[in-house]
Structures are given as structure tokens and as C-alpha cells.
Amino acid sequence: MNPVPASVGAPRTPLVDLFPAAVVRKRADQRTVRLLGMILGVFVLALLAVTVLTFMNRQSAEDDLAAAVAITPVKQTELAKYDYLPALEAQVANSQHARRWAGITDIAWTDQLSALLATLPSSTRLDSLAAAPATPIAPLVSGNSLFSTLDLGVITFSGDLASPVDVAALEDAINALPGFKDATIDTVAIQDGDTIAYWSFSGSVRITTNAASGRVTTTQEVVPVEPTAAATTDDEG
Amino acid sequence: MKNSQAAVWTVSTLLIAILIAVGAYFLAIEPQLAATEDAHAAKQAAVDFNDQLDLQILAAQQKEKEVPLWMGEMNAIAIDLPPLPNQPELHRLIVAALEKRALPVVSIAYGSTQLIAPPTADEAVVAPVTDEAGTTDTAAATPSPTPEPTEAATPEVTTDTAFDAKWAVEGLVGLPVTVTTEGDPTAIMQFIGDMYSQDSRFLTVTNLDITRAEVADAVNGRPELTTSAWVATVTYLAFSLIDPNQSYPVEDAGANPPYTGGGVANPFVPLDGSGL
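Residue numbers (my numbering), protein chains in the order written: chain A, 70 to 306; chain B, 85 to 360.
Structure follows, in C-alpha cells:
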């Protein structure tokens, strides 16, 4: 038999389906089952892969968490080294407040007294002068007058005048001074001297906040000091 | 017939796949995802907390740089307000100041120490005080029906709790000391000025009394007193600030030597020349 020329493109085996229809169906069913089985298998494998992937993600996240948590005590230990600071800061603030409070009613008495004495009329002679200024214990006080306001205390004085009218000049002179106000004369009474008559008087004047010296912070030289380990430990304790 | 059987297989397979998928999701995948999410959230919280700690550490490190200045300032204030009454130093200071101006020590009287506490906001009125630098600040005052108007600022009644924080002071103690001297007015003013400007300890005057002196001759080291002389009595308040670490020193252990039965020092003998 002559071979079929290749140019014809004829199949090598005869294309004749000689299987019965039942066999053909069975084979088709088997192919379908295999195909579905393969698809199911691939699907299960994919699920498995996803499961593994999520497990690895979980492990990774838990490792990250452990690493982050492990750093925390180190940082807390580092921070604990500075636990003494709030107490020290409070101590510094208390010192500043105490210093401020100690000087809150301070008055430069030489300045105030010299001004007061210098302003008195020339005919004035003092017997006594007593200052009862405000103190850090009683910071600002008020007089008994209906016109009184808060101030830094009172100076009471007594003395003699050559003329009764000089009392008014005395009050005006004192009131004109910064740091003093409400000069008040309580009594003026004639006195018989050896050769003249003169007038004794007594009065008071209020000291205003203008007289405050303002010495509310330390004037000492502040030299920075490195804290010693012992001091730090004390503070921590 | 052929198509329907394949469809049954396909549908069955699909159902099985769905069952497997649902089972896998709920039994294996979802717990992992939930745990992962929890771990992420916990890690983020830990990271945030660590960041907060970092910030706190950074702030503390910055603050710690100020500690030397703080210590220096506290040491400076401790000169003004020592942790102990230091009465011997105070006494020497007063006597030296009087001697410097050739004034006699007529008397020095010490009062008992007293705790000084600023008023609280509820009982305080704020009034302006101008410090040496010229800046105006506020000072607390005892209550009064009419606050004092001043040029610097108008005082205000306050119940601000910040007041307490600003003015709260613990452990400030005052020691009153009353000094009486007599003599030349200029010397007395200079003595008062010296006590004001000295840097050994902060003192503030709480009472000042000047009277005309009684005429007297100079006697036993006391100067002659004329009608122009003053008798001055000045009460100072010397301050201490209690520091728990320094204000209560523990005495070193020790014992005085035992009496052996011999002669004893007798300081009850009157001073020579005292006339007693």
C-alpha cells in the first residue's frame, strides 16, 4: 500500500470511534471527576497556603509585639532615673516662693525714714516715732479709718511744734512723699515751755506699697552645682 | 443525561469547596487573622507607649540640664534662708554691725520661732509689689473691705486656685530678734542700712521704734547721750527654710567625761567690776 503523502495531512490512525456510547460517557464522567478533583485539590491547597500565610503573619506580628514590649521596661528603667526631678523641682519652687514671701513686705527703712525726717517742717521736733509695718505673717493691713485701704502698715509719731498751724503743713509734707499716705494728727495741745508756748502733737501715717523694697529674690550669687550621686539618691528616697 | 450528571458533580464539588472554605476560614484562617489583628493593635499600643516614654525621657533629660542651676539657686536662697535658725551667726552679725558703727548693745532679745504661711486664695487679696528690677508682681494680703488702688495696678480679689500654687510655701520659719541701741542718729541709720544691705542673711524689719534719748553721761563703754541722741529699737525677722535633709541634724554619738570628784568650774562668781 502506498503511503499517503504528507501533503495530504491525513491522520496516522484511522478516526473511527468504535467505542460504545456507554463507555464514552463513562470516560467523560471520569474526566469530569478528575477535573473537579484537581480543581478541588488546588482549592484546598490554596486554602492551606492562605492558612499558612495568615499563621506566618500572626507569628510576625507577635514577634513585633514581643520586641516592642521588651523595650518598654528598658525605657521605664531609663525614665525612673529621673524620678527625683519632680520632687527637686518642687523643692526649688518652694525655696523661691519662701524667698519671695520673706521679702514681700520688706521696706528700705533708711530711705523711707530719711525722706520722712527731711520733709518735716523745720519747727517740728519729734519725741518718738514707731513703725509697725506689715510682716510676712500679716502681709497687708488696714487702718481703722473709714478711708483706710490695704497698705504696708503704720508709723505713729509724737512731738512738738512751734505753731499749731504747722500741723497742717506737717500732714501735707508727709502725704506728698511716695510711700506714705493718710497722715493723720490725733491731738494737738498747747504746752508751756520755759520761755515759749509750744504745741505737742501725736499722729500717724500709713505706709503704702510704694515703700516696698522689692527684695523678693535672692541677691546671692547663683553658682550652678552638679548634684552629687548621694544627693540624688536622697531625693529619690 | 450526560450533562445532568456532570452538573451534579460540579454542584457537589462546589458545595464541598464552599464547605471546606467556610470550615477553613472559621477554624483556621479567622482565628489567625484575629490574633494577628490583636497583636498589631497591642504592638501599636506598645509602640505608642514607648514613644510616650521616649518623650518623657527627652523632657526629663532637658529638665535635668537645669538641675545644676536649681541646686545653685537653692544654695543661694539657703544663705538668705538657712535650714537652721543659726542663732550664733545671727547674733555675731548683729553685734558686729553695732560695733562697726560704735553703737552699744543695749539689748538683744530673741523671740520664739514661728511658722509663716501665706494666706490661701480664699482669704487673700492681691496687691501689687514692684521688685527691685522694676517689674510689678502681686502679693497676697489679708482680707480687707476695700482693696487699695495704686498706680501700678488695681488689686483684685481672687479665688483662683493658681494663687495657692504660686504662693504656697512650706517650712518657712521666722525668728524675731529685737535689737535696742542708742546714740548718734547717723550711726543708728547707718546700722539700719548695714543690716539692710548685708548679704549674710536676709532680715526684714517688723518693728521700728525711735525715741529721744534721756541725757546721760558716757559710762562703762556706753556713749554720752544728748538731747539729739536716739534710742532705737528695731525688731527683725530672720528666716529659716526647713529642709528635711538638713534641718534636723543627728548628733554624733559621744559622751562627756565623767566627774572625778575634784574641783569644779564656777561661773556663778560675779564678773569683775560688775559691782555684784
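Here a beta-carbon is modelled for each residue, glycine too, at the ideal position from N, C-alpha and C. Please read all numbers here as calculations on a predicted model, not as lab measurements.
Remark: C-beta atoms of A/L116 and B/A119 do not approach each other more closely than 8 Å. By the Cβ test, the region 188–199 of chain A is not in contact with the region 324–343 of chain B, since fewer than three Cβ pairs between them sit closer than 8 Å. In this structure, A/L221 sits near A/A281, with a CB-CB distance shorter than 8 Å. Annotation for B/H175: I192 place their beta carbon closer than 8 Å to its own, counting only its chain and skipping 5 residues before and after.
Contact with chain B is absent for A/I243, since none of that chain's Cβ atoms lies less than 8 Å from the residue's Cβ. One thing to note: B/V315 has its Cβ no nearer than 8 Å to the Cβ of B/V289. Comparing alpha-carbon positions, the option among B/N159, B/E183, B/L182 lying closest to A/Q160 turns out to be B/N159. Chain-order list of chain B residues neighbouring A/W170: I200, P202, W251, V253, L256, by C-beta distance under 8 Å. Where A/K150 is concerned, there is no enclosing alpha helix (DSSP H), because DSSP gives it neither an H nor an E. At a cut-off of 8 Å between C-beta atoms, A/V292 counts as an interface residue with respect to chain B.
In the structure shown, B/N170 adopts coil according to DSSP, grouped into three states. Neighbours of B/Q140 in chain A, taken as residues whose beta carbon is under 7 Å from its own, are L148 in chain order. Taking a Cβ-Cβ threshold of 8 Å, the residues of chain A close to B/R296 are L195, D196, S197, in chain order. The C-alpha of B/F286 lies about 13 Å from the C-alpha of A/P205. The Cβ atoms of B/P167 and B/D327 sit closer than 8 Å to each other. Interface flag for B/G277 against chain A is set, since a Cβ pair is found closer than 8 Å. The closest CA to that of A/L219, considering only A/S76, A/V85, A/I276, is found on A/I276.
Membership of B/F286 in any beta strand (DSSP E) is not indicated, and neither H nor E is assigned to it by DSSP. A/P155 sits exposed, since fewer than 16 C-beta atoms from the chains shown fall within 10 Å of its C-beta. Contact between B/W251 and A/W170 is confirmed by a C-beta separation of about 7 Å, below the 8 Å threshold. A straight-line Cα-Cα distance of about 44 Å links B/I113 and A/A91. Using a Cβ-Cβ cut-off of 8 Å, A/A177 counts as an interface residue toward chain B, since at least one Cβ of chain B sits closer than that to its own. Under the three-state reduction of DSSP output, B/E266 falls in the strand class. In this structure, A/S197 lies near A/F226, with their beta-carbon atoms less than 8 Å apart.
Residues of chain A whose Cβ lies closer than 8 Å to the Cβ of B/E148 are, in chain order, Y151, L154. Around the Cβ of B/E266, a 10 Å sphere holds 16 or more other Cβ atoms; the residue is buried. Residue pairing by DSSP places A/K250 opposite A/R275 in a beta bridge. Ranking A/A200, A/Y153, A/V274 by CA distance to the CA of A/N213 puts A/V274 first.
With a beta-carbon spacing of about 5 Å, B/Q116 and A/R127 fall inside the 8 Å limit used to define contacts. For B/I100, the closest of A/L109, A/L104, A/L215 by C-alpha to C-alpha distance is A/L109. The beta carbon of B/F323 sits closer than 8 Å to some beta carbon of chain A.
For B/L111, no beta strand (DSSP E) segment is defined, and its DSSP state is neither H nor E. Residue state for A/T101 is assigned as helix, using DSSP reduced to three classes.
By the rule that beta-carbons nearer than 8 Å mark a contact, B/G156 touches chain A. Listed along the chain, the chain A residues whose CB falls inside 9 Å of the CB of B/I104 are L109, F112, V113, L116.
Secondary structure of B/Y194 (DSSP, three-state): strand.
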